[in-house]
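Protein chains in written order, with the numbering used here: chain X, 6 to 345; chain D, 6 to 345; chain G, 6 to 345.
Notes to accompany the following structure.
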Amino acid sequence: MADPRFFRAAGPFTVAELAHLTGAEIGGAGQSGLSIGDVAPLDVAGSAHVTFLANPKYAAAFGASKAGAAFVHPDQAHKAPAGMTLLLTANPYIAFARAARRFYPAPRSPAGIAPSAVVDPTAVLGEGVAIAPHVVIGARVEIGAGTSIGANSVIGDGCIIGRDCLIEANVTVSHCLMGDRVTLYPGVRVGQDGFGFAMDPSGHVKIPQLGRVRIGDDVEIGANSTVDRGAGPDTVIGAGSMIDNLVQIAHNVVLGRGCVMVAQSGISGSSRLGDFVTVGGQAGITGHLSLGDGVRVGGQSGVTRDVPAGGAVGGSPAVPILQWHRQTAVLNRMTRKKDQ
Amino acid sequence: MADPRFFRAAGPFTVAELAHLTGAEIGGAGQSGLSIGDVAPLDVAGSAHVTFLANPKYAAAFGASKAGAAFVHPDQAHKAPAGMTLLLTANPYIAFARAARRFYPAPRSPAGIAPSAVVDPTAVLGEGVAIAPHVVIGARVEIGAGTSIGANSVIGDGCIIGRDCLIEANVTVSHCLMGDRVTLYPGVRVGQDGFGFAMDPSGHVKIPQLGRVRIGDDVEIGANSTVDRGAGPDTVIGAGSMIDNLVQIAHNVVLGRGCVMVAQSGISGSSRLGDFVTVGGQAGITGHLSLGDGVRVGGQSGVTRDVPAGGAVGGSPAVPILQWHRQTAVLNRMTRKKDQ
Amino acid sequence: MADPRFFRAAGPFTVAELAHLTGAEIGGAGQSGLSIGDVAPLDVAGSAHVTFLANPKYAAAFGASKAGAAFVHPDQAHKAPAGMTLLLTANPYIAFARAARRFYPAPRSPAGIAPSAVVDPTAVLGEGVAIAPHVVIGARVEIGAGTSIGANSVIGDGCIIGRDCLIEANVTVSHCLMGDRVTLYPGVRVGQDGFGFAMDPSGHVKIPQLGRVRIGDDVEIGANSTVDRGAGPDTVIGAGSMIDNLVQIAHNVVLGRGCVMVAQSGISGSSRLGDFVTVGGQAGITGHLSLGDGVRVGGQSGVTRDVPAGGAVGGSPAVPILQWHRQTAVLNRMTRKKDQ
Numbered sequence: 006m007a008d009p010r011f012f013r014a015a016g017p018f019t020v021a022e023l024a025h026l027t028g029a030e031i032g033g034a035g036q037s038g039l040s041i042g043d044v045a046p047l048d049v050a051g052s053a054h055v056t057f058l059a060n061p062k063y064a065a066a067f068g069a070s071k072a073g074a075a076f077v078h079p080d081q082a083h084k085a086p087a088g089m090t091l092l093l094t095a096n097p098y099i100a101f102a103r104a105a106r107r108f109y110p111a112p113r114s115p116a117g118i119a120p121s122a123v124v125d126p127t128a129v130l131g132e133g134v135a136i137a138p139h140v141v142i143g144a145r146v147e148i149g150a151g152t153s154i155g156a157n158s159v160i161g162d163g164c165i166i167g168r169d170c171l172i173e174a175n176v177t178v179s180h181c182l183m184g185d186r187v188t189l190y191p192g193v194r195v196g197q198d199g200f201g202f203a204m205d206p207s208g209h210v211k212i213p214q215l216g217r218v219r220i221g222d223d224v225e226i227g228a229n230s231t232v233d234r235g236a237g238p239d240t241v242i243g244a245g246s247m248i249d250n251l252v253q254i255a256h257n258v259v260l261g262r263g264c265v266m267v268a269q270s271g272i273s274g275s276s277r278l279g280d281f282v283t284v285g286g287q288a289g290i291t292g293h294l295s296l297g298d299g300v301r302v303g304g305q306s307g308v309t310r311d312v313p314a315g316g317a318v319g320g321s322p323a324v325p326i327l328q329w330h331r332q333t334a335v336l337n338r339m340t341r342k343k344d345q
Numbered sequence: 006m007a008d009p010r011f012f013r014a015a016g017p018f019t020v021a022e023l024a025h026l027t028g029a030e031i032g033g034a035g036q037s038g039l040s041i042g043d044v045a046p047l048d049v050a051g052s053a054h055v056t057f058l059a060n061p062k063y064a065a066a067f068g069a070s071k072a073g074a075a076f077v078h079p080d081q082a083h084k085a086p087a088g089m090t091l092l093l094t095a096n097p098y099i100a101f102a103r104a105a106r107r108f109y110p111a112p113r114s115p116a117g118i119a120p121s122a123v124v125d126p127t128a129v130l131g132e133g134v135a136i137a138p139h140v141v142i143g144a145r146v147e148i149g150a151g152t153s154i155g156a157n158s159v160i161g162d163g164c165i166i167g168r169d170c171l172i173e174a175n176v177t178v179s180h181c182l183m184g185d186r187v188t189l190y191p192g193v194r195v196g197q198d199g200f201g202f203a204m205d206p207s208g209h210v211k212i213p214q215l216g217r218v219r220i221g222d223d224v225e226i227g228a229n230s231t232v233d234r235g236a237g238p239d240t241v242i243g244a245g246s247m248i249d250n251l252v253q254i255a256h257n258v259v260l261g262r263g264c265v266m267v268a269q270s271g272i273s274g275s276s277r278l279g280d281f282v283t284v285g286g287q288a289g290i291t292g293h294l295s296l297g298d299g300v301r302v303g304g305q306s307g308v309t310r311d312v313p314a315g316g317a318v319g320g321s322p323a324v325p326i327l328q329w330h331r332q333t334a335v336l337n338r339m340t341r342k343k344d345q
Numbered sequence: 006m007a008d009p010r011f012f013r014a015a016g017p018f019t020v021a022e023l024a025h026l027t028g029a030e031i032g033g034a035g036q037s038g039l040s041i042g043d044v045a046p047l048d049v050a051g052s053a054h055v056t057f058l059a060n061p062k063y064a065a066a067f068g069a070s071k072a073g074a075a076f077v078h079p080d081q082a083h084k085a086p087a088g089m090t091l092l093l094t095a096n097p098y099i100a101f102a103r104a105a106r107r108f109y110p111a112p113r114s115p116a117g118i119a120p121s122a123v124v125d126p127t128a129v130l131g132e133g134v135a136i137a138p139h140v141v142i143g144a145r146v147e148i149g150a151g152t153s154i155g156a157n158s159v160i161g162d163g164c165i166i167g168r169d170c171l172i173e174a175n176v177t178v179s180h181c182l183m184g185d186r187v188t189l190y191p192g193v194r195v196g197q198d199g200f201g202f203a204m205d206p207s208g209h210v211k212i213p214q215l216g217r218v219r220i221g222d223d224v225e226i227g228a229n230s231t232v233d234r235g236a237g238p239d240t241v242i243g244a245g246s247m248i249d250n251l252v253q254i255a256h257n258v259v260l261g262r263g264c265v266m267v268a269q270s271g272i273s274g275s276s277r278l279g280d281f282v283t284v285g286g287q288a289g290i291t292g293h294l295s296l297g298d299g300v301r302v303g304g305q306s307g308v309t310r311d312v313p314a315g316g317a318v319g320g321s322p323a324v325p326i327l328q329w330h331r332q333t334a335v336l337n338r339m340t341r342k343k344d345q
């Protein structure tokens, strides 16, 4: 279904292959040998497509779908149209995501170094590394096998980049130790000086920023986001964290595993987030705070105090989310009254 | 008046030429042959300059101006000093803008491909296309006549770019179909993956993003702004929309014609804006919303519900603008009382 | 202490040299000839390190520190452990910052022009200028002695850049007059068109932006921040101002000396800040305002009115900071009551 100017589907794969890939059980019409050529939404899928039902509110569309196969929870299987082959799984959306990834794997550039790239002779590149035109690779840089560096990107002296990473175009990285399978989208800036200086009426005095940025495996950082290196300790992005576009991460910040930061959010210096913390769009977290595992920060909120594990906060300054809802309700009530 | 290091005025043009260009009628001293060498503000303009009066509060400065000619509404013409040639028009600011554009047209680079640019042999470039140094143009890209691509910019495989576009330096474009006369300012990122993944404690699973970005004619996108491509449907920027710096537009967002987004504002996935919607600075719009034609969103507000055509909202969460003004008034009253 | 992959300390320096550098007096054990090899925090410093005590709450760690030398206020000197050489000064943090800067001076690239750089023959480069690979320098550009331009950066026609500036990688500069010792971090955009157009239902009409950007000495601008050039007047960044990442500065804005703008804050067109104004993270200042010397703007606040010198404001819309604290207190009280 995707525009062939930009995308080419791998495959086809049989239902059996997709079941094996995702751990789903085959049910419904049970045609395990059915050849599937692409993924598609419920309403446009045809007999050679696989689709999914995750949200029960789309059950009617599911019942009317012409898809050859579908990922679906066993509890919803009875809503399938006759003749559809089912891929039964506890989490149809995750399974569909894995299947879609199989049809459309992350793009990979052909290995090799573009003639216009400038690679320091002391840099060490693993097997299958792809270096695009006009890239600059500094001294003593190490790049793991299968990693690709996009056009016009710049990797500073001494950086270590893991295997199968995708650094897109126009990215700048310095002072960084990066794990495997990391994706940096275009325009990301990693490793520059943190915002550290001693304020003084005769002229602010810059404090040398002597830490690094450590990025765990499977991290993604969105377009034009910025991650400053530590002032002495490191700035750390935990494995599997997903960072959206235009996000700011200041020096010494530590993100745990699997954190999610939505676009235009920011964290000030030295704050620490536990695992699986989610930060809404345009939210801000001031410096030197601690947010426990699983904390949820609402969009546009401003966190100025520690939040214990499992907490949810909203508003600016942020308060527990239920209290914040009451604040907005009270204000609405007071000001609606005035209309009468 | 502009610094000749950076700007060179075209012209001179006669008053008659400016009248013809803008549809204004000549009045006042009526010297249609007067040679005008530049545009200038009311207070510094001289006899070879054209100026304008748009806001009646500057009528005194208008009366004292030494400008040779001025765009002015017929109702204000009687405030002109003797000897000034008038260019009478219902919208003096628009007319002045068009005249200024005539003196200072958008810069255009000389046609040709810089030797250091890397252009895929399958790319098709129209007449007069200018490709600056270190640009990278991917496979099967099509670029319309008169378009200019700035230094170190990267255009990904398959993109189609219209005529007379201005892509400035250090820009990244991929998965994009672009109209004519589009301007992308430095550092813009268009077409990268949207922020789509299935959250899972064992590791978030990325959803392939299989849509495109479609940009209409006459769109401008400001420095370091980011526009993600669609997840399956396209992300769409309607013709004539003006987007400021550091703006985030997520996957599947649809902007109508003539929308205005001020700096650091953002729109989450799949929200749809009608025509001529204006979004204030640092405002945010959450996902899957619909904002009708002509909606106005106040600066820093956070829109969490649909807004019907013509509506105006403010605050976070956003409420109708009058209610929001009452909210701030009530809060001010309550807290001022406490001082007594 | 810093990772030698990325940092190499200058030195060693004697205590006497550090005292001379910072204006501190030698006290405590008084070993002016002691050789100091590095800076370090109180808890990890050893006998060849210099540390500091600025915040009295760390006095216990200071008393237990094994550092050979420490910057400290004379009033706190009695808390030092026996055997430590003291560097007595009224502002230990500033003194330590200067010492740290001596050990870790700003990085400087070797002079010379990379073969892949494209430098217009009319550009004038001072002594010791370093031009990295794939840089593009436009016509009539002037660059002062000792300045370094990072890889893939683009300097537009006519720009003047002072001495000992550090322009990092992937930066775009146009229409700019820059002082000495300015640092632009990766991805900064300076000098592009401001967001100026006449709104019109038949299509917004762009107003030519005919001003420049003037940047004073010792300014720093953070990664991916954007500074638009003036519309007619100039945009001005006063000497010694420190601007963090992802900050937006619109056309005609004037910052005084020593201003501080924290990440993701923004200023709309034509607003003027006095000297030493501080703007918190994600704060916004609307257009055409005047903020006096020393004004403090709280994080995420939205300034919509002038603020006199010395004022402090918070909230959106911003009010005097004490009133804002009362607003949040009142709201908290009203909504906590509801729990009972």
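Beta carbons are placed, not taken as given, at the ideal position from N, Cα and C, and that holds for glycine.
Using the C-alpha atoms, what's the distance from residue j back to residue i?
{"i": "D/A122", "j": "D/H139", "result": "4 Å"}
{"i": "G/A21", "j": "G/E30", "result": "9 Å"}
{"i": "D/L23", "j": "D/P97", "result": "12 Å"}
{"i": "D/Q305", "j": "G/S270", "result": "11 Å"}
{"i": "D/G285", "j": "G/G292", "result": "12 Å"}
{"i": "G/L189", "j": "G/G227", "result": "6 Å"}
{"i": "X/R341", "j": "D/Q328", "result": "7 Å"}
Between the Cα of residue i and the Cα atoms of the options, which residue gives the shortest distance?
{"i": "D/V193", "options": "D/T177, D/D185, D/M183", "result": "D/T177"}
{"i": "G/S246", "options": "X/C264, X/D205, X/R277", "result": "X/D205"}
{"i": "D/R347", "options": "D/A137, D/P191, D/L130, D/D43", "result": "Outside the displayed span of chain D (6 to 345) sits residue 347 of chain D, for which this structure offers no information."}
{"i": "D/I290", "options": "D/D222, D/R277, D/V308", "result": "D/V308"}
{"i": "D/G303", "options": "D/P322, D/H293, D/I165", "result": "D/P322"}
{"i": "D/L58", "options": "D/I41, D/T90, D/Q36, D/S37", "result": "D/T90"}
{"i": "G/G201", "options": "D/D162, D/I99, D/A317", "result": "D/I99"}
{"i": "G/G33", "options": "G/V232, G/G88, G/D125", "result": "G/G88"}
Using a Cβ-Cβ distance cut-off of 8 Å, determine whether residue i contacts chain G.
{"i": "D/E173", "result": "yes"}
{"i": "D/D8", "result": "yes"}
{"i": "D/P17", "result": "no"}
{"i": "X/N157", "result": "yes"}
{"i": "D/A29", "result": "no"}
Is there at least one Cβ from chain X nearer than 8 Å to residue i's Cβ?
{"i": "G/D223", "result": "yes"}
{"i": "G/S121", "result": "yes"}
{"i": "D/I326", "result": "no"}
{"i": "G/K343", "result": "Bear in mind that the predicted position of G/K343 carries a pLDDT of just 47, short of 50, making it unreliable; the figure below should be weighed with that in mind. By this cut-off, G/K343 is an interface position."}
{"i": "G/T340", "result": "yes"}
{"i": "D/R219", "result": "no"}
Determine which residues share a DSSP beta bridge with residue i and list them.
{"i": "X/R219", "result": "X/L182, X/V241"}
{"i": "G/S153", "result": "G/A135, G/L171"}
{"i": "D/R277", "result": "D/V259, D/S295"}
{"i": "D/A95", "result": "Note: D/A95 sits in no beta bridge, so no partner."}
{"i": "X/M266", "result": "X/I248, X/V284"}
{"i": "X/H54", "result": "X/D43"}
Is the beta carbon of residue i sitting closer than 8 Å to the one on residue j?
{"i": "D/A314", "j": "D/I326", "result": "no"}
{"i": "X/G155", "j": "X/I142", "result": "no"}
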